[in-house]
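Structure first, then comments.
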Amino acid sequence: LIVLLIAQLHGAFSTSIPLAQQRDLMSIWDLISPVVSPIAEHIDTAIGTISNIHSALTNAVSSAIYSVTSWIGDKIPPLGKRDLENDAKLNLLAELRLFKLSFQQSILEILQSFLNGNLATQFRELISKLSTFLKTHLQTINNMITNLIPTMQDTIATQAITSVLHVVQVIEEVIQKVHAVFSS
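Taken in order, the sequence shown gives residues 2 to 185; the numbers are from the working numbering.
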């Protein structure tokens, strides 16, 4: 990203400045490129990883929301006639929706820190916050699933729990990726 930006600036200047100055710019680039290139590659890798994490987790959660919604069905009984099972399903659905929105906000904050140039301090702080956020929601979703598994009675219930278990698996993978990529 940074290398491309510098190359674009160089291209813009090279058309409007004399040849001697172009050579000076190339000399400067030759001097700084060994330092700038690894940093740019690391930033590019980090942005790519965050994008992949966002895509995988958002898709898994969206699928789980759809499955849990199907499991609940079209009609939700009135408050006085609800049972614990329906409340547990609705709580799981609410947790998934909240998780999805909060996760997207966390990713937005991380990408914003890149744009603001806060690559060292704020970025590490946001990655740590994301990791804690993922672990907290992972535990909450795991507890909800554990309570709902005994109530599974049909194919739709099995599909819903399976899709939520997939979310759990993706969250665990994301936590590992975050630690692997951003702890170096």
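We put the beta carbon where it would ideally sit given N, CA and C, even for glycine.
Spatial neighbours of residue i in its chain, beta-carbon cut-off 7 Å, leaving aside the 5 residues before and after
i    : result
Y67  : none
I162 : I146, L149, I150 and M153
C-beta atoms of residue i and residue j nearer than 8 Å
i    : j    : result
V168 : I142 : yes
I108 : I51  : yes
E174 : L139 : no
S132 : V182 : no
I176 : L112 : no
Backbone secondary structure at residue i - three-state DSSP
i    : result
Q154 : coil
G198 : The question about residue 198 has no answer here: the residues shown for the chain are numbered 2 through 185.
D84  : coil
Cβ-based neighbour list, residue i, same chain, cut-off 6 Å, excluding 5 preceding and 5 following
i    : result
E110 : L127
A65  : L97, S164, V165 and V168
V171 : A57, L58 and A61
K130 : none
Same chain, Cβ closer than 8 Å to residue i, five either side skipped, listed in chain order
i    : result
I73  : N87, K90, L91 and L94
Q160 : S68, S71 and W72
L63  : According to the sequence displayed, residue 63 carries Ser and not Leu. Closer than 8 Å at the Cβ level, and outside the excluded window around S63, lie K101.
Residue i, buried or exposed, once every other Cβ within 10 Å from all chains shown has been counted against 16
i   : result
L99 : exposed
I54 : buried
V36 : exposed
Supposed contact pair residue j and residue i - C-beta distance, whole angstroms, cut 8 Å
i    : j    : result
I48  : F115 : 6 Å
K101 : T59  : 7 Å
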